[in-house]
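Numbering (the numbering used here), first residue to last: -2 to 76.
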């Protein structure tokens, strides 16, 4: 899976879950700038893992704190 495909999924997910326009999602901004608290982060990581068909640790969203960072990491890792 490419970083671009993962980034598009993440942007769409944030757009839908936060009820904001897709154009308002900036891949470089940290997730917490969108109000992603620990509860929302846990749900996002769970849904992302389901979509990727792999188990992800919750810490992945804190270690790679933006769409750009997380998608690049996931595209190149085997976590």
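Even glycine gets a Cβ: it sits at the ideal position worked out from N, Cα and C.
{"Query": "In angstroms with no decimal places, state the Cα-to-Cα distance between residue 10 and residue 55.", "Result": "17 Å"}
{"Query": "So the alpha helix (DSSP H) residue 20 belongs to, where does it begin and stop?", "Result": "First-last for residue 20: undefined, no H or E at that position."}
{"Query": "Report yes if the C-beta distance between residue 19 and residue 64 is below 8 Å; otherwise report no.", "Result": "no"}
{"Query": "Could you give the first and the last residue of the continuous alpha helix (DSSP H) run that contains residue 73?", "Result": "64 to 73"}
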